[in-house]
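Protein chains in written order, with the UniProt record's numbering: chain A, 1 to 148; chain B, 1 to 254. Take a look at the structure below.
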């Protein structure tokens, strides 16, 4: 004998419409994590191991890197992906442990504010950085400052 | 004469099993007396073939009859006696004393993350609630062909074989740090049992279950810490099952 039940008796919960932020947050963490592995280790390798290694790090080195569009885009990606990745991690921890609604809202608001401020400041620095400030001793600056 | 021969032929079975003294430290809690749970020591003379469950029986039957714990089949099938042994969730009936370090005391306490009722007994209702929420039953609206049974190939059956092994002991869910935080998360066991039906070719309710788990408290709260896989007494690859459900939700179909 076979019995067919038309529809389950348990109530069916259907997701409300709109963007599923938890899903996209999870996907973002996975994708940005993979990209960050390349960006961070590339950053560390170029800064600390290539050429003279860590001894080469000075104002001129940083000035030279930030005048190169390749490194500008690299650093921008690094800044945005890493900061949002970290902020989203802090948000999930807050969701886990801040049982009080008000505390949760305040903490998440603070995380959001800090992230936005740091993203704006960081991006501003990357694209408005002056590698050859006037009146600085030439031996502290990148080679192209005196050449031109 | 005859008895001499018998004695020479074979020593009695239990002589061969070495005995040793083991200290069990059990986290006791009597809600009618205690404000807080307290650790109580018991020194027991046990055999090498004994399990943690046998030690608990010895305490209950010979030392203190008020010790409360759940056990039914005592052979790793019913899933009643999951508890925290030396800080890890295990079944007391599947953990041999000799596999633990018996030179040190053995700590036994109730599962974490579920309300403690008495001694080693926790309230399992929150656990079963999230199990119910994933609708763990076959949903099929169509009549089977020829009015007999719903056929399935061995490959289709193998797709979800691992997750059919679940005995609902709660060892995985109560080892999950995300479940400990606020108890809102479905927990590994519920997702394992959803997996068992989502990937069943005879079932038609995959979309319903995926909608349920594609929730704020659903699969996305899993942090892939693998505590559940380590805890499972049936060896289910729990974290992998959760990852497969995540992928199915992203694809929109099993």
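Even glycine gets a Cβ: it sits at the ideal position worked out from N, Cα and C.
By a beta-carbon distance limit of 8 Å, residue 131 (chain B) does not contact residue 227 (chain B). Their separation comes to about 18 Å. Under the three-state reduction of DSSP, residue 167 (chain B) is assigned to coil, being neither helix nor strand. Residue 222 (chain B) counts as buried, since no fewer than 16 other beta carbons sit within 10 angstroms of its beta carbon.
The C-alpha of residue 67 (chain A) lies about 16 Å from the C-alpha of residue 43 (chain A).
Per DSSP, the beta bridge partners of residue 51 (chain B) are B:96.
Below the 8 Å Cβ cutoff, chain B contributes 214 as neighbours of residue 20 (chain A), in chain order.
Neighbours of residue 99 (chain A) in chain B, taken as residues whose beta carbon is under 7 Å from its own, are 182 in chain order.
Neighbours of residue 108 (chain A) in chain B, taken as residues whose beta carbon is under 9 Å from its own, are absent, since the nearest beta carbon is some 14 Å off.
At least one beta carbon of chain B lies nearer than 8 Å to the beta carbon of residue 96 (chain A).
Using a Cβ distance threshold of 8 Å, residue 25 (chain B) and residue 121 (chain B) do not count as a contacting pair.
Membership of residue 108 (chain A) in any beta strand (DSSP E) is not indicated; the residue belongs instead to the alpha helix (DSSP H) covering 101-128. Residues of chain A whose Cβ lies closer than 8 Å to the Cβ of residue 178 (chain B) are, in chain order, 96.
In this chain, the alpha helix (DSSP H) harbouring residue 22 (chain A) covers 21-44.
Annotated three-state conformation of residue 88 (chain A) is helix, per DSSP. Chain order gives the chain B residues near residue 23 (chain A) as 214, 220, 249, 250, where near means a beta carbon separation below 8 Å.
Contact between residue 174 (chain B) and residue 89 (chain B) holds: CB atoms are separated by about 6 Å, below the 8 Å threshold. Restricting attention to A:134, A:137, A:108, the CA atom closest to the CA of residue 88 (chain A) is found in A:108. Under the Cβ distance rule, residue 26 (chain A) counts among the residues neighbouring chain B, one pair being separated by less than 8 Å. A Cβ-Cβ distance of about 5 Å is found for the pair residue 188 (chain B) and residue 238 (chain B), placing them in contact under the 8 Å criterion. Apart from sequence neighbours up to five positions away, the residues of its chain that approach residue 126 (chain B) with a beta-carbon distance below 8 Å are 114, 115, 183, ordered along the chain. Looking at the backbone, the Cα of residue 56 (chain B) and that of residue 217 (chain B) are separated by about 37 Å. Annotated three-state conformation of residue 97 (chain A) is helix, per DSSP. Distances from the alpha-carbon of residue 77 (chain B) to those of B:167, B:210, B:214, B:247 put B:167 closest. Under the DSSP definition of a beta bridge, residue 106 (chain B) partners with B:24. Per the DSSP secondary-structure output, residue 42 (chain B) pairs in a beta bridge with B:24.
In the three-state DSSP reduction, residue 91 (chain B) falls in the strand class (E or B). Across the structure, residue 99 (chain A) and residue 75 (chain B) are spaced so that their CA atoms are roughly 40 Å apart. For residue 236 (chain B), the secondary structure class from DSSP, reduced to helix, strand or coil, is coil.
Within the same chain, 17 come within 6 Å of residue 49 (chain B) by CB-CB distance, once the 5 residues on both sides are set aside.
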